[in-house]
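Numbering of the sequence shown is given in the working numbering, commencing with residue 1064 and proceeding in unit increments.
Where a beta carbon is used, it is the ideal one built from N, C-alpha and C, also for glycine.
Note that the structure is a prediction, hence the values are computed from the model and not measured.
Take a look at the structure set out below.
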Amino acid sequence: MMMMMMMMMVMMMILMMMMMMMMMMMMMMMMVVMMMMMMMMMMMMMMMMMMMMMMMMMMMMMIVVSLMTMRRRRKKKRR
């Protein structure tokens, strides 16, 4: 009887260890996936920010050009 109990305990311990290992592996995988997702999101955000900055720069350039032309036109009109 004692031997049986001991065997059962050992089996339970091994099972628990296996389960813990599996859980740890799953957690690690999830962490890696999350990290990858975060990196992707960050890259996307950076790209979006760059695009926005480029758009803003283009808009500013357009406004400046339009203002310059308007000024020139006004000057011509005044003359």
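Would you kindly work out how many angstroms separate the C-alpha atoms of residue i and residue j, rounded to a whole number?
| i | j | result |
| --- | --- | --- |
| M1099 | M1123 | 36 Å |
| S1129 | M1108 | 31 Å |
| M1093 | V1073 | 30 Å |
| M1115 | M1121 | 10 Å |
| M1101 | V1095 | 10 Å |
| I1126 | M1111 | 22 Å |
Take residue i and list the residues in its own chain whose beta-carbon comes closer than 7 Å to its own, dropping the five residues that flank it on each side.
| i | result |
| --- | --- |
| M1117 | none |
Using the three-state DSSP reduction, which class does residue i fall into: helix, strand or coil?
| i | result |
| --- | --- |
| M1090 | helix |
| M1064 | coil |
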